[in-house]
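Participant: Start counting the sequence shown at 31; every next residue gets the next number (our numbering). Can you read through this structure? Questions will come right after.
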Amino acid sequence: MFGELLMACRMLSTEMVMFHTAIGEKRGLSAIEAKAMDYLSRFGPLTPKDLVRHSGLAPASVTALIDRLERKGMVRRSPHPEDRRKVLIELTRPGDPGPWAYLLEQMRKLCERYDDEQLRLIAEFTGESARITHRATERLTGVE
Numbered sequence: 031m032f033g034e035l036l037m038a039c040r041m042l043s044t045e046m047v048m049f050h051t052a053i054g055e056k057r058g059l060s061a062i063e064a065k066a067m068d069y070l071s072r073f074g075p076l077t078p079k080d081l082v083r084h085s086g087l088a089p090a091s092v093t094a095l096i097d098r099l100e101r102k103g104m105v106r107r108s109p110h111p112e113d114r115r116k117v118l119i120e121l122t123r124p125g126d127p128g129p130w131a132y133l134l135e136q137m138r139k140l141c142e143r144y145d146d147e148q149l150r151l152i153a154e155f156t157g158e159s160a161r162i163t164h165r166a167t168e169r170l171t172g173v174e
């Protein structure tokens, strides 16, 4: 069963990369830019240091990434409310489902096939898989 599960995870990973690439092309974003925006969508405004921690990218890469997204009108820098020395990076259009609407609706329909206990198990497995993948990225990049 491990092999089947691993193959399903690989298939999902590949299809998600392709989906994110298509979103990026439609919006004029690289895959990394699109994923940085996903961090901001999920966690709310973040400092550049927070983006480094979440993404595993080098600080200079995150600075360049923020500059590109700001030039494209996707994010803005704003003063940190608690520390004037810091800035927060925030989306200019938070909550816009855009190209996600179809995927979200189909996933909602898929979830209707499972009961709450099954969905909790799936969510636990998916979340832990994401954490393991994040740790693997940290090991590769040396950013922990």
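Glycine is no exception: its CB is placed at the ideal position from the N, C-alpha and C atoms. Source: prediction; values computed, not measured.
Got a sec? Which residues, its chain only, sit under 8 Å from Val-47 by beta carbon, not counting five neighbours each side?
Facilitator: As a working note, residue 47 is residue 17 in the sequence shown. Closer than 8 Å at the Cβ level, and outside the excluded window around Val-47, lie Ala-61.
Participant: Counting C-beta neighbours from all protein chains within 10 Å, is the total for Ala-64 16 or more, i.e. buried, or is it exposed?
Facilitator: As a first step, residue 64 is located in the sequence shown; it is residue number 34 there, counting from the start. By the neighbour-count rule (16 or more Cβ atoms within 10 Å), Ala-64 is buried.
Participant: Determine the direct distance from the alpha carbon of Ser-43 to that of Thr-167, and round the result to whole angstroms.
Facilitator: Reading the sequence shown from its first residue, position 137 is the one you call residue 167. Reading the sequence shown from its first residue, position 13 is the one you call residue 43. Their Cα atoms are separated by approximately 14 Å.
Participant: Tell me whether the segment 111-125 and the segment 140-150 touch, counting them as touching only if at least three CB pairs, one residue from each stretch, are closer than 8 Å.
Facilitator: no
Participant: Buried or exposed: Ile-162, going by 16 or more other Cβ atoms within 10 Å of its Cβ?
Facilitator: Here residue 162 refers to the residue found at position 132 when the sequence shown is read from its first residue. Ile-162 should be labelled exposed.
Participant: For a quick check, are the C-beta atoms of Val-117 and Arg-107 less than 8 Å apart?
Facilitator: Position 87 of the sequence shown, counted from the start, is the residue given in the question as residue 117. Position 77 of the sequence shown, counted from the start, is the residue given in the question as residue 107. Yes; because the gap between Cβ atoms is below 8 Å, this pair is in contact.
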